[in-house]
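Residue numbering for the sequence shown follows this note's numbering, starting at 109 and increasing by one per position.
Every residue, glycine too, gets a C-beta built ideally from N, C-alpha and C.
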Amino acid sequence: MACFGLLTGGGDCPGLNAAIRAAVRTGIPAGDSFLGFRYGWAGVLSGEAIELTVERTAGILPRGGTILGTSRTNPFAGEAGGSAAVRASLQRLGVDALIAIGGEDTLGVALRLHEDGIRTVGVPKTIDNDLGGTDVTFGFQTAVQIVTDAIDRLHTTAESHDRVIVCEVMGRHAGWIATYAGIAGGAAEVLVPEEPFDIEVICANLTRRHARGHYASVVVVAEGATPKAGTLVVASGDLDAFGHARLGGIGNLLAAEIEKRTGFETRATILGHIQRGGTPTAFDRVLATRFGVAAIDCAHDGAFGQMVALQGGAIVRVPLSAAVAELKTVDPDLVAVAEVFYN
Ligand code: F6P
109 MACFGLLTGG
119 GDCPGLNAAI
129 RAAVRTGIPA
139 GDSFLGFRYG
149 WAGVLSGEAI
159 ELTVERTAGI
169 LPRGGTILGT
179 SRTNPFAGEA
189 GGSAAVRASL
199 QRLGVDALIA
209 IGGEDTLGVA
219 LRLHEDGIRT
229 VGVPKTIDND
239 LGGTDVTFGF
249 QTAVQIVTDA
259 IDRLHTTAES
269 HDRVIVCEVM
279 GRHAGWIATY
289 AGIAGGAAEV
299 LVPEEPFDIE
309 VICANLTRRH
319 ARGHYASVVV
329 VAEGATPKAG
339 TLVVASGDLD
349 AFGHARLGGI
359 GNLLAAEIEK
369 RTGFETRATI
379 LGHIQRGGTP
389 TAFDRVLATR
399 FGVAAIDCAH
409 DGAFGQMVAL
419 QGGAIVRVPL
429 SAAVAELKTV
439 DPDLVAVAEV
449 FYN
């Protein structure tokens with residue numbers, strides 16, 4: 109019997125509510141109680157929280173977003189107070205342990221708190237799928253489906269007008285969404301942060317393709333894709349509390365360059381937060397539910413400083429330190445599959 113504090117941090121993604129519901133539904137019959145912190149670490153610091161009950165979490169399984177709200181607040185940034193401030197807040201509210209649902213930043217904070225003696229368990233989420241230690245994060249598959257549907261739609265309009273359409277998708281450090289959706293949607297090119305692109309090569313590929321009778325092409329670019337040094341100038345964005353640049357805009361730049369260099373009429377579509385909104389796929393609902401159940405089992409076993417994860421189809425526990433040690437980037441074999449269709 110324990111009081112668990114639950115929070116969702118970083119960018120939202122489909123499946124967060126499913127994970128919250130699963131944790132609550134696992135813990136309450138065992139005699140646990142739950143406080144849901146509002147807006148990620150901001151709520152932990154301020155103490156803004158709501159009691160989570162079976163009734164309060166009813167009906168949220170298919171809903172996108174997070175009923176708790178989220179933010180990119182970093183308790184270790186500036187004057188936020190770090191572990192001492194978190195500990196004081198948890199003691200005041202009678203919280204025994206924290207279940208942190210998040211990506212690399214949120215779980216990086218959970219790790220530091222654990223190292224300072226605060227009990228934490230991590231649950232991995234992010235549409236970017238770039239967290240280590242787990243084969244996949246929930247939110248990713250839903251985002252891939254949204255982008256694939258968008259590419260299908262872009263194909264029919266591109267074909268009607270004989271155009272190139274550049275589709276910019278999320279993925280700041282890793283091109284998982286771009287690669288999966290690019291393969292699923294039949295993209296002519298997929299540009300990812302892992303491999304700096306050469307605009308000359310892209311234009312040559314498109315020109316060759318169109319010379320063979322294709323008059324329409326969809327180019328998928330991850331927002332974090334960068335040109336090879338010295339080939340194109342890209343503007344950099346503002347930084348958030350974790351030091352990440354706010355991205356978005358490479359699609360417009362690419363579309364202008366492709367049109368200028370090939371003479372093909374080119375448009376850009378930036379999918380942006382459409383990729384993060386709406387209902388989770390069945391796969392993400394099930395994965396988030398398995399993670400929510402496993403997180404409470406983990407806390408009941410006293411296995412703190414761990415993250416629940418999916419490995420080879422099984423739910424396992426990995427140390428938070430291993431999960432956040434390095435970003436999981438796209439497997440080169442998968443990039444090679446996308447490349448087969450560039451000619
Ligand atoms: O971390 C997930 C993510 O969706 C990234 O792909 C993207 O760069 C970022 O969040 C956007 O963040 P925000 O919602 O703050 O604009």
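The beta strand (DSSP E) enclosing residue i, as first and last residue numbers
i	result
Gln419	414–419
Ser141	141–145
Arg425	422–427
Cys406	Element bounds for Cys406: not the beta strand (DSSP E) but the alpha helix (DSSP H), 390–408.
Gly148	Taken as a continuous stretch (DSSP letters only), Gly148 belongs to no beta strand (DSSP E), as it is neither H nor E.
Ala205	205–210
Local conformation of residue i per DSSP, three classes
i	result
Cys311	helix
Leu355	coil
Thr116	strand
Ser325	strand
Pro137	helix
Thr377	strand
Val432	coil
Ile382	helix
Ala157	strand
Leu299	strand
Leu124	helix
Ala130	helix
Ala363	helix
Ala330	strand
Leu169	coil
Leu347	strand
Range covered by the alpha helix (DSSP H) that runs through residue i
i	result
Glu447	440–447
Ile226	It is not in any alpha helix (DSSP H) - Ile226 carries neither H nor E in the DSSP assignment.
Leu198	190–201
Ile285	284–293
Closest Cα partner of residue i within the set the options
i	options	result
Arg133	Ala433, Val416, Arg425, Ala403	Ala403
His381	Leu340, Asp346, Gly230, Pro122	Pro122
Gly247	Arg195, His318, Gly172	Gly172
Thr265	Leu379, Ala324, Gly294	Ala324
Phe399	Ile207, Leu153, Leu143	Ile207
Thr116	Thr181, Ala138, Pro137, Met109	Thr181
Arg320	Ile168, Gly294, Asn451	Asn451
Arg316	Gly385, Gly371, Gly410, Ala188	Gly371
Glu156	Leu143, Gly167, Thr165, Arg164	Leu143
Asp441	Thr287, Leu114, Glu297, Arg129	Thr287
Gly113	Arg261, Arg354, Ala407, Ala312	Ala407
Pro304	Val327, Gly294, Trp284, Ala337	Ala337
Leu428	Cys111, Glu367, Ala333, Gly210	Gly210
Gly386	Leu169, Glu163, Ala364	Leu169
Ala446	Val277, Gly293, Gly359, Leu219	Gly293
Closer than 5 Å to the ligand F6P: residues, by C-beta to nearest heavy atom, in chain order: Put simply, the residues with a CB less than 5 Å from any heavy atom of the ligand F6P are Gly119, Asp236, Met278, Arg280, in chain order.
4-residue-minimum alpha helix (DSSP H) runs that sit fully inside the stretch 220–282, ordered along the chain: The stretch 220–282 contains, as complete alpha helix (DSSP H) runs of 4+ residues, the segments 248–269 (chain order).
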